[in-house]
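K.L.:
Quick one: the structure is below, and I'll ask about it shortly.
Residue numbers (this note's numbering): 21 to 479.
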């Protein structure tokens, strides 16, 4: 869910972004989970879709015909760690890596349940047929309307279009490689009767078993490109070893060009302070983790989804100050809140442990958020990061506090914390968002030490 109306318009039911870090990109880059995106792509209507990885953007930067083909697509699906890193350079975090090898089987499973058929076009001789066979083994209900290789059976465009239309296919997957598949679709998709046409790169080779997929642990480590490079070094060395750094350098340059000098200084301050604090406080962090573990069962760290800048969710880190089943017990203690308004706080919360009460009073429980600052999800100074359920209940005015990154400390935090009501907190955060500057941030950081020593409003 997007909590701020900061984008051109919603892709129902997914959310779409137009990102400045992508060179000359005017088409819609989808920022949504796999289920949301599948539902959107299979909804009534015709759509042309491409996957976009770092290599695609490199080709786009030097080939104006390919760039035109990409920008004429309806939706672009972010594929690979390079695009995710480029997004983070502008403070964004894409909802999911929608790479074709994982996304397409999920799409076809849903399509099969809806009775839709698919046509496979591309690959070397026999590849599309083998891919169809393996897909049917995994998705028995899937209907293959037709197959055609991208070489001997390619023929002319009119012949291929006639065959696809005669098959009655609802979905057409084109695997001719970049940039040929995007150029082919740009030229021919208007004449194809299928609702959904997609350029899918090497996906058919993976489905056919021509190319071995990286082990799951390699994929989870986001290093599948390393595996592919090892499998095909001659073909992929230039793409990965030269292309990826080139893309990231261009993305970094473009992202830096969108930042104000104040934003650059603020980010440098965040990195310097968070990294220094993590190093200097590492003994305290270790002792706190041991104390939390010794008192009660469960992990030392507590993770929770919070809403960050522009309504983007992220996972916040804190030392666990409550019993491990605290979230399950939350509904039972909501009536004990000491604060007026939406945000819950209670001095007498029975879920808080002995160690937890101490680390809350001294604000030690917040120290792991230095990692969130280092990752760019938070800032040292900013509004308190809210829970999704709190944001869902926000009055319209309160959404303005999401215009800046949430912080470990801020105006609310140094003005009484839990003693400050919700409405007052909102006004403080709105004032900070409109007037913030580096001098103000430094003053708030200095005031934080006084608040930590007194423990005012901490519970």
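Cβ atoms here follow ideal geometry from the backbone N, Cα and C, with glycine treated the same way.
Only a predicted model underlies this, so the values are computations on that prediction, with no experimental measurement involved.
In terms of residue numbering, what span does the alpha helix (DSSP H) encompassing residue 535 cover?
P.N.:
The question about residue 535 has no answer here: the residues shown for the chain are numbered 21 through 479.
K.L.:
Over the uninterrupted beta strand (DSSP E) stretch that includes residue 218, give me the two end residues.
P.N.:
In the chain shown, counting from the first residue as 1, residue 218 sits at position 198. Run containing residue 218: 216 to 219, per the beta strand (DSSP E) assignment.
K.L.:
Hey, out of 144, 127 and 207, whose CA is closest to residue 136's CA?
P.N.:
Working through the chain shown from its first residue, we reach residue 136 at position 116. Measuring from the Cα of residue 136, the nearest candidate turns out to be 127.
K.L.:
Exposed or buried, which one is residue 44 when buried takes at least 16 other CB atoms within 10 Å?
P.N.:
On the chain shown, residue 44 is found 24 positions in, with the first residue counted as 1. Residue confidence for residue 44 is low, a pLDDT of 48 falling below 50, so the modelled location carries little weight; the figure read from the coordinates is stated next. It counts as exposed.
K.L.:
With 8 Å set as the bound, which would you pick, yes or no: does the beta-carbon of residue 456 sit closer than that to a beta-carbon of chain C?
P.N.:
The chain inventory of the structure shown lacks chain C, comprising one protein chain alone.
K.L.:
For residue 453 versus residue 427, is the C-beta spacing smaller than 8 Å?
P.N.:
As a working note, residue 453 is residue 433 in the chain shown. As a working note, residue 427 is residue 407 in the chain shown. Taking 8 Å as the Cβ cut-off, residue 453 and residue 427 do not qualify as a contacting pair.
K.L.:
What residue from 415, 467, 470 and 471 has the CA that sits closest to residue 447's CA?
P.N.:
By 1-based counting over the chain shown, the position of residue 447 is 427. Among 415, 467, 470 and 471, the Cα nearest to that of residue 447 is on 415.
K.L.:
If residue 96 and residue 70 are in contact, beta carbons under 8 Å, what's the gap, nearest whole angstrom?
P.N.:
As a first step, residue 96 is located in the chain shown; it is residue number 76 there, counting from the start. As a first step, residue 70 is located in the chain shown; it is residue number 50 there, counting from the start. Confirmed, about 5 Å.
K.L.:
Leaving aside the five residues before and after residue 263 along the sequence, list all residues of the same chain whose C-beta is less than 7 Å from its C-beta, in chain order.
P.N.:
The residue labelled residue 263 in the question sits at position 243 within the chain shown. Taken in chain order, the residues that qualify are 74, 75 and 78.
K.L.:
Relative to the C-alpha of residue 195, which residue among 179, 217 and 175 is closest?
P.N.:
In the chain shown, counting from the first residue as 1, residue 195 sits at position 175. Taking only the C-alpha atoms, the option nearest residue 195 is 217.
K.L.:
If I measure Cβ to Cβ from residue 389 and keep anything under 8 Å in the same chain, skipping five residues before and after, which residues do I get?
P.N.:
In the chain shown, counting from the first residue as 1, residue 389 sits at position 369. Result list for residue 389: 336, 337, 338, 398 and 428, in chain order.
K.L.:
Would you report the Cα separation of residue 106 and residue 315, rounded to the nearest angstrom?
P.N.:
Here residue 106 corresponds to residue number 86 of the chain shown, with the count starting at 1. Here residue 315 corresponds to residue number 295 of the chain shown, with the count starting at 1. In a straight line, the C-alpha of residue 106 is about 42 Å away from that of residue 315.
K.L.:
Taking the C-alpha atoms as reference points, what is the distance between residue 93 and residue 116?
P.N.:
Start at 1 with the first residue of the chain shown, and residue 93 comes out as number 73. Start at 1 with the first residue of the chain shown, and residue 116 comes out as number 96. Cα-Cα distance, rounded: 20 Å.
K.L.:
From which residue to which residue does the alpha helix (DSSP H) around residue 61 run?
P.N.:
As a position in the chain shown, residue 61 is number 41, starting the count at 1. Where residue 61 is concerned, the enclosing alpha helix (DSSP H) stretches over 54 to 61.
K.L.:
Distance, Cα to Cα, residue 434 vs residue 52?
P.N.:
Locating residue 434 in the chain shown gives position 414, where the first residue counts as 1. Locating residue 52 in the chain shown gives position 32, where the first residue counts as 1. If I take the Cα positions, the gap works out to 36 Å.
K.L.:
Given that a residue counts as buried once 16 or more other Cβ atoms are within 10 Å of its Cβ, and exposed if not, what is residue 284?
P.N.:
Looking up residue 284 in the chain shown gives position 264. When all chains shown are included, residue 284 counts as exposed.
K.L.:
Buried or exposed: where does residue 170 fall if 16 or more other Cβ atoms within 10 Å of its Cβ makes it buried?
P.N.:
Translated into the one-based positions of the chain shown, residue 170 becomes position 150. So residue 170 ends up on the buried side.
K.L.:
Which of the three DSSP states is assigned to residue 414 in this structure?
P.N.:
The residue you call residue 414 lines up with position 394 of the chain shown. Residue state, collapsed to three classes: coil.
K.L.:
Report all residues from its chain with a CB closer than 7 Å to the CB of residue 464; omit the five preceding and five following residues, and keep chain order.
P.N.:
By one-based count along the chain shown, residue 464 stands at place 444. The residues are 401, 429, 430, 431 and 434.
K.L.:
Could you work out which residue in 269, 245, 172 and 68 is closest to residue 205 when comparing CA atoms only?
P.N.:
Sequence index remark: in the chain shown, residue 205 carries index 185 (1-based). Ranking 269, 245, 172 and 68 by Cα distance to residue 205 puts 68 first.
K.L.:
Taking residue 306 as the reference, which of 134, 89 and 385 has the closest Cα?
P.N.:
The sequence position of residue 306 within the chain shown is 286, counting from 1. The shortest C-alpha separation from residue 306 is found at 385.
K.L.:
Taking 8 Å as the threshold (C-beta atoms), are residue 99 and residue 72 in contact?
P.N.:
Residue 72 sits at position 52 when you count from the first residue of the chain shown. Residue 99 sits at position 79 when you count from the first residue of the chain shown. Their beta carbons are under 8 Å apart, which means residue 72 touches residue 99 by this criterion.
K.L.:
On the three-state DSSP scale, how would you describe residue 139?
P.N.:
Taking the first residue of the chain shown as position 1, residue 139 is located at position 119. In the structure shown, residue 139 sits in a strand (DSSP, three-state: E or B).
K.L.:
Closest by CA to residue 62, which one among 210, 123, 317 and 130?
P.N.:
As a first step, residue 62 must be located in the chain shown, where it is residue number 42. When only C-alpha atoms are compared, the closest one is 130.
K.L.:
Let me confirm a value: residue 165 is counted as buried when at least 16 other C-beta atoms fall within 10 Å, else exposed. Which label applies?
P.N.:
Taking the chain shown and counting its residues from 1, the one referred to as residue 165 is at position 145. Its Cβ being crowded by 16 or more others within 10 Å, residue 165 is buried.
K.L.:
With a 10 Å radius around its C-beta and 16 neighbouring C-beta atoms as the bar for buried, classify residue 288 as buried or exposed.
P.N.:
Locating residue 288 in the chain shown gives position 268, where the first residue counts as 1. Per the 10 Å Cβ criterion, exposed.
K.L.:
Using the DSSP secondary-structure output, state which residues sit across from residue 150 in a beta bridge.
P.N.:
The count along the chain shown starts at 1 and reaches residue 150 at position 130. Paired residues: none, contrary to the question.
K.L.:
So, with DSSP's three-state summary, where would you put residue 51?
P.N.:
Here residue 51 corresponds to residue number 31 of the chain shown, with the count starting at 1. Strand, per DSSP.
K.L.:
Taking the C-alpha atoms as reference points, what is the distance between residue 222 and residue 466?
P.N.:
Taking the first residue of the chain shown as 1, we reach residue 222 at position 202. Taking the first residue of the chain shown as 1, we reach residue 466 at position 446. Going from the Cα of residue 222 to the Cα of residue 466 covers about 55 Å.
K.L.:
Quick one: give me the first and last residue of the alpha helix (DSSP H) that residue 77 is part of.
P.N.:
By 1-based counting over the chain shown, the position of residue 77 is 57. Counting along the chain, the alpha helix (DSSP H) containing residue 77 begins and ends at 74 to 82.
K.L.:
Three or more beta-carbon pairs under 8 Å between the segment 152 to 162 and the segment 220 to 239, yes or no?
P.N.:
Touching, per the Cβ criterion.
K.L.:
At what residues does the alpha helix (DSSP H) containing residue 255 begin and finish?
P.N.:
In the chain shown, residue 255 corresponds to position 235, counting from 1. Taken as a continuous stretch (DSSP letters only), the alpha helix (DSSP H) holding residue 255 covers 253 to 257.
K.L.:
Could I get the ranges of all uninterrupted alpha helix (DSSP H) runs contained in the segment 84 to 137, with 4 residues as the minimum, in chain order?
P.N.:
The qualifying runs are 84 to 91, 101 to 108 and 120 to 133.
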